[in-house]
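Per the numbering used here, residue 3 is the first one in the sequence shown, and the count goes up by one each step. Heads up, the beta-carbon is just placed ideally off N, CA and C, and yes, glycines get one too. Written out below as structure tokens is the structure these notes cover.
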Amino acid sequence: MQANAMDTRRSLRATLFLGIGLMAAVDEILFHQILAWHHFFDRSTPTIGLLSDGLLHAAELLLLAAGFYLFMHLSRAGAIARLHAWAGLFIGAGGFQLFDGIVNHKLLRLHQVRYVEELWIYDLAWNGFSLVLLAIGFLLWRRARAVER
């Protein structure tokens with residue numbers, strides 16, 4: 003089935019939510035809970051840090067639920083544009099990661115990746131990984147648009 007313009011946009015949008023929610027979940031579970039490198043808001047007490055992690059987790063779950071709902075709606079209609087869907091997933095994940103790395107870590111200083119002497123190495127890895135995810139997403143999106151024509 004060839005996807006129409008509405009299907010491509012909706013496929014991209016649904017998986018954009020999934021990508022953001024998925025990367026927020028990885029960040030929350032791995033860096034906040036398992037490794038305990040930081041909380042979402044580290045500029046207060048540990049209790050406030052845990053509360054902020056809980057709020058981030060709630061937002062992440064809402065994004066995942068919305069993304070899954072939209073994706074399943076498209077799936078039932080047989081209207082998923084696969085390349086657009088994969089592009090949205092990678093763009094969402096990379097976009098979340100880059101936003102977190104630049105806005106939350108550097109501009110707002112809500113937290114750092116890790117509190118160590120050589121922070122720049124962690125920042126470089128964090129933001130570099132986000133750029134790789136974004137590049138994959140935009141390459142997939144470009145390919146999807148070319149296939150569309």
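Cβ neighbours of residue i in the same chain (closer than 6 Å, five flanking residues each side left out)
i, result
"Phe-33", "Trp-39"
"Leu-66", "Gly-23"
"Gly-94", "Leu-18, Gly-21 and Ile-22"
"Tyr-124", "Val-115 and Arg-116"
"Ala-87", "Ser-13 and Thr-17"
Beta-carbon proximity of residue i to residue j, cut-off 7 Å
i, j, result
"Arg-145", "Leu-76", "no"
"Gly-69", "Ala-26", "no"
"Gly-103", "Leu-18", "no"
"Phe-92", "Gly-139", "yes"
"His-113", "Asp-44", "yes"
"Ser-132", "Gly-96", "yes"
Distance between beta carbons of residue j and residue i, contact taken as under 8 Å
i, j, result
"Gln-212", "Leu-58", "Since the first residue of the chain shown is 3 and the last is 151, residue 212 is not available in this structure."
Pairwise C-alpha distance: residue j and residue i
i, j, result
"Trp-128", "Pro-48", "24 Å"
"Leu-72", "Glu-119", "44 Å"
"Leu-142", "Ala-81", "18 Å"
"Ala-60", "Glu-30", "11 Å"
"Leu-53", "Val-115", "18 Å"
"Asp-9", "Ala-137", "23 Å"
"Ala-7", "Phe-101", "With a pLDDT of 47 at Ala-7, under the threshold of 50, the modelled position of that residue is not reliable, and no figure is offered here."
"Arg-78", "Tyr-117", "46 Å"
"Trp-122", "His-41", "19 Å"
"Gly-51", "Leu-64", "20 Å"
"Leu-37", "Leu-14", "32 Å"
Residues near residue i by beta carbon distance below 7 Å, same chain, minus five either side
i, result
"Gln-4", "Because Gln-4 sits at a pLDDT of 49, beneath the cut-off of 50, its placement in the model cannot be relied upon, and the point is left open."
"Arg-84", "none"
"Val-149", "Leu-85"
"Asn-106", "Leu-112 and His-113"
"Glu-62", "Gly-23, Ala-26, Ala-27 and Glu-30"
Min CB distance residue i to chain B below 7 Å
i, result
"Phe-101", "The structure shown contains no chain B; it is built from a single protein chain."
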